[in-house]
Amino acid sequence: MAKNPKPSVVSGFLNLYKPVGITSMDALRQVKRITGQRQKVGHGGTMDPLARGVLPVCFGQATRLMDHVVGGVKRYRIDITLGTSTTTYDAEGEVVKTGDYEGLTEETVAEHLRPWVGVVQQTPPMYSAVKVDGQRLYKLARAGVEVEREARPVEIHSITIVKFGLPTLTVDVECGGGTYMRSLAHDLGESLGCGAHVSDLERQLCAGFTSDESATLEQLEEAVNGPDGWQKFLFPVDWVLRGLKSITLGKQAEEALRHGQAVTPDRPQLDAGYLEEYRAYNSDGVFLALARYDRPSNAWQPVKVFQTESPSPYAPASV
Numbered sequence: 002m003a004k005n006p007k008p009s010v011v012s013g014f015l016n017l018y019k020p021v022g023i024t025s026m027d028a029l030r031q032v033k034r035i036t037g038q039r040q041k042v043g044h045g046g047t048m049d050p051l052a053r054g055v056l057p058v059c060f061g062q063a064t065r066l067m068d069h070v071v072g073g074v075k076r077y078r079i080d081i082t083l084g085t086s087t088t089t090y091d092a093e094g095e096v097v098k099t100g101d102y103e104g105l106t107e108e109t110v111a112e113h114l115r116p117w118v119g120v121v122q123q124t125p126p127m128y129s130a131v132k133v134d135g136q137r138l139y140k141l142a143r144a145g146v147e148v149e150r151e152a153r154p155v156e157i158h159s160i161t162i163v164k165f166g167l168p169t170l171t172v173d174v175e176c177g178g179g180t181y182m183r184s185l186a187h188d189l190g191e192s193l194g195c196g197a198h199v200s201d202l203e204r205q206l207c208a209g210f211t212s213d214e215s216a217t218l219e220q221l222e223e224a225v226n227g228p229d230g231w232q233k234f235l236f237p238v239d240w241v242l243r244g245l246k247s248i249t250l251g252k253q254a255e256e257a258l259r260h261g262q263a264v265t266p267d268r269p270q271l272d273a274g275y276l277e278e279y280r281a282y283n284s285d286g287v288f289l290a291l292a293r294y295d296r297p298s299n300a301w302q303p304v305k306v307f308q309t310e311s312p313s314p315y316a317p318a319s320v
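In terms of our numbering, the sequence shown opens at residue 2 and continues consecutively.
Okay, here's the thing in structure tokens:
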């Protein structure tokens, strides 16, 4: 019996909607099974089993832009339940503290949230994937071991109360990478003196990918045998870079850049900032590289070179 042919390797991003109850790695394993893609597949940011929402999945060439996803802006909608602190800082942990939340007003809670906006120091929870002395914190926590964790700088752009109630309020948080919503809820409870934990968590935005445009595992599986295949959900490799400026290169410059060589433009790129990164395309609109302009040498230095073949819808309009 003839073996089924291996699926061709694809490159791009999948905007997956991770359901509650599985880890990011569980979701990634299911994506690999459904798509048949086994090599060069990764996800852009760990999510707790309790969390649902946007989990970007990178395929092929797109894995080289993982840092742009992990470090991208994120937006969460979280339910924070006041009056109870838990070991995991969410509803799945054991209760370790209770407190009185009666009489708290929306204005009081907003006042206690305000200091967390900006670049702040945040301590990761024990139940997290952060490593201390080479060991994952959650593994130590499961063994009953608690260790000192160093606070780390994170950036929270905004915190908005969208629905206030007692004991549970709903908050929208926009932040940078590495920010723990569970720590935010726990710290709010400590500040108010009553304790608090996350009771629901949805990631609505990650590096430009939104929950409105995401695909579920069920939709992905249904699409496999459809006319367009599961690939209809793929975003091009350069999608996450679309906020950068772009340049178009001629044939000779294209060949040089593809081989990792610097390219001297016909005239200086006067509008480029110091070592500013650009998207580089060939005359057919095919994405070539992430390139950085070095003004002193008047040259485009390749940062990351990509082997894509199809014209991109995000190529310069003049192409």
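Every residue gets a Cβ at the ideal spot worked out from N, C-alpha and C, and that includes glycine. From a predicted model like this one, the values you see are computed outputs, not experimental measurements.
Original post:
According to DSSP, is Gln-38 helix, strand or coil?
Top reply: For this step, residue 38 is matched to residue 37 along the sequence shown. In the displayed model, Gln-38 falls within coil according to three-state DSSP, outside both helix and strand.
Subject >> Bridge partner(s) assigned by DSSP for Trp-301 >> reply: The residue labelled residue 301 in the question sits at position 300 within the sequence shown. Note: Trp-301 sits in a beta bridge opposite Val-264, Tyr-294.
Subject >> Inter-residue Cα distance where the pair is Val-320 and Ser-12 >> reply: Numbered from 1 along the sequence shown, position 319 holds the residue referred to as residue 320. Numbered from 1 along the sequence shown, position 11 holds the residue referred to as residue 12. No answer about Val-320 holds up, because its pLDDT of 40 lies below 50 and its placement is not dependable.
Original post:
Under three-state DSSP, which class holds Ser-313?
Top reply: The sequence position of residue 313 within the sequence shown is 312, counting from 1. Reduced to three states, the DSSP call for Ser-313 is coil.
**OP:** Would you tell me roughly how many angstroms separate the C-alpha atoms of Met-48 and Lys-19, rounded to the nearest one?
**Re:** As a working note, residue 48 is residue 47 in the sequence shown. As a working note, residue 19 is residue 18 in the sequence shown. Met-48 and Lys-19 have their C-alpha atoms spaced approximately 9 Å apart.
Original post:
What residues in its chain sit with their C-beta under 6 Å from that of Val-96, if we drop five residues either side in the sequence?
Top reply: Counted from its first residue, the sequence shown places residue 96 at position 95. Counting only Cβ-Cβ distances below 6 Å, and skipping sequence neighbours, we find Thr-85, Thr-87.
Original post:
Would you call the CB atoms of Arg-243 and Arg-293 closer than 9 Å?
Top reply: Indexing the sequence shown from 1 puts residue 243 at position 242. Indexing the sequence shown from 1 puts residue 293 at position 292. Against a cut-off of 9 Å, the Cβ pair of Arg-293 and Arg-243 comes out as no contact.
**OP:** Taking Ser-298 as the reference, give the member of Pro-266, Ser-284, Asp-285, Glu-214 with the closest Cα.
**Re:** As a first step, residue 298 must be located in the sequence shown, where it is residue number 297. Of all alpha-carbon atoms in Pro-266, Ser-284, Asp-285, Glu-214, the one lying nearest the alpha-carbon of Ser-298 is that of Pro-266.
Subject >> Beta-carbon proximity of Thr-124 to Ala-142, cut-off 9 Å >> reply: For the purposes of this step, residue 124 is taken as residue 123 along the sequence shown, with counting starting at 1. For the purposes of this step, residue 142 is taken as residue 141 along the sequence shown, with counting starting at 1. No, the pair does not count as a contact, with Cβ atoms beyond the cut-off.
Subject >> Distance between Ala-144 and Asp-134 (C-alpha atoms, nearest Å) >> reply: As a working note, residue 134 is residue 133 in the sequence shown. As a working note, residue 144 is residue 143 in the sequence shown. Each residue's alpha carbon lies about 16 Å from the other.
**OP:** Return the chain-ordered ranges of every beta strand (DSSP E) run that is complete within the stretch 112-166 and spans a minimum of 3 residues.
**Re:** Under the rule that a run must span 3 or more residues, the beta strand (DSSP E) segments found entirely inside the stretch 112-166 read 119-123, 153-164.
Subject >> In DSSP terms, what Arg-76 is bridged to >> reply: Here the question's residue 76 lines up with position 75 in the sequence shown. In DSSP, Arg-76 forms a bridge with Glu-175, Leu-206.
Subject >> Pro-50 versus Met-26 - alpha carbon distance >> reply: Here residue 50 is taken as the residue at index 49 of the sequence shown, counted from 1. Here residue 26 is taken as the residue at index 25 of the sequence shown, counted from 1. Those two C-alpha atoms are separated by around 10 Å.
**OP:** Give a yes or no on whether the C-beta atoms belonging to His-69 and Leu-56 are separated by under 9 Å.
**Re:** As a working mapping, residue 69 is identified with position 68 in the sequence shown. As a working mapping, residue 56 is identified with position 55 in the sequence shown. Taking 9 Å as the Cβ cut-off, His-69 and Leu-56 do not qualify as a contacting pair.
**OP:** Enumerate in chain order the residues of its own chain whose CB-to-CB distance from Gly-178 is below 6 Å, with the five nearest sequence positions on each side excluded.
**Re:** The residue labelled residue 178 in the question sits at position 177 within the sequence shown. Correct list, in chain order: Val-71, Gly-72.
Subject >> In DSSP terms, what Ile-23 is bridged to >> reply: Indexing the sequence shown from 1 puts residue 23 at position 22. By DSSP's assignment, Ile-23 forms no beta bridge with any residue.
**OP:** Measure how close the beta-carbons of Gln-308 and Ala-263 come, nearest whole angstrom, since I'm counting them as under 8 Å.
**Re:** Locating residue 308 in the sequence shown gives position 307, counting from the first residue. Locating residue 263 in the sequence shown gives position 262, counting from the first residue. Actually they do not touch by this definition, with Cβ atoms about 19 Å apart.
Original post:
If you compare alpha carbons, which of Val-287, Arg-137, Ile-160, Leu-291 is closest to Ala-316?
Top reply: Reading the sequence shown from its first residue, position 315 is the one you call residue 316. Nearest option by C-alpha distance: Val-287.
**OP:** Using the DSSP secondary-structure output, state which residues sit across from Asn-16 in a beta bridge.
**Re:** Counting from 1 along the sequence shown, the entry for residue 16 is found at position 15. BP columns for Asn-16 point to Pro-57.
Subject >> Distance between Leu-66 and Lys-233 (C-alpha atoms, nearest Å) >> reply: Within the sequence shown, numbered from 1, the residue matching residue 233 stands at position 232. Within the sequence shown, numbered from 1, the residue matching residue 66 stands at position 65. So the alpha carbons of these two residues sit roughly 20 Å apart.
Original post:
Distance, Cα to Cα, Ser-284 vs Glu-277?
Top reply: Within the sequence shown, residue 284 is the residue found at index 283, counting from 1. Within the sequence shown, residue 277 is the residue found at index 276, counting from 1. Rounded to the nearest angstrom, the two C-alpha atoms are 22 Å apart.
Subject >> alpha helix (DSSP H) segment containing Pro-280, residue limits >> reply: The residue labelled residue 280 in the question sits at position 279 within the sequence shown. At residue 280 the sequence reads Arg, which differs from the Pro that was named. Taken as a continuous stretch (DSSP letters only), Arg-280 belongs to no alpha helix (DSSP H), being part of the beta strand (DSSP E) at 278-283.
Subject >> Segments assigned alpha helix (DSSP H), at least 4 residues, entirely inside the stretch 211-276 >> reply: 218-224, 252-259, all fully within the stretch 211-276.
**OP:** Kindly indicate which three-state DSSP category Val-306 falls into: helix, strand or coil?
**Re:** In the sequence shown, counting from the first residue as 1, residue 306 sits at position 305. Looking at Val-306 - three-state DSSP - the assignment turns out to be strand.
**OP:** Answer with buried or exposed for Glu-116, where buried requires no fewer than 16 other C-beta atoms within 10 angstroms of its C-beta.
**Re:** In the sequence shown, residue 116 corresponds to position 115, counting from 1. Sequence check: residue 116 is Pro here, not Glu. The residue in question, Pro-116, is exposed, as its Cβ has fewer than 16 Cβ neighbours within 10 Å.
Subject >> Expected contact under 8 Å - CB spacing of Gly-100 and Gly-194 to nearest Å >> reply: If you number the sequence shown from 1, residue 100 lands on position 99. If you number the sequence shown from 1, residue 194 lands on position 193. Rounded to whole angstroms, the Cβ separation of Gly-100 and Gly-194 is 6 Å, and the two are in contact under 8 Å.
Subject >> Those residues which DSSP pairs with Ser-86 across a bridge >> reply: As a first step, residue 86 is located in the sequence shown; it is residue number 85 there, counting from the start. Looking at the DSSP output, Ser-86 bridges to Lys-98.
Original post:
Can you tell me whether Gly-119 is buried or exposed, with buried defined as 16 or more other CB within 10 angstroms of its CB?
Top reply: Within the sequence shown, residue 119 is the residue found at index 118, counting from 1. So Gly-119 counts as exposed.
Subject >> Buried/exposed call for Pro-269, threshold 16 Cβ in 10 Å >> reply: For the purposes of this step, residue 269 is taken as the residue at position 268 of the sequence shown. Exposed, by the Cβ-count rule.
Original post:
How about Ala-216 and Leu-17: are their beta carbons less than 9 Å apart?
Top reply: As a first step, residue 216 must be located in the sequence shown, where it is residue number 215. As a first step, residue 17 must be located in the sequence shown, where it is residue number 16. Result yes, Cβ atoms of Ala-216 and Leu-17 sit closer than 9 Å.
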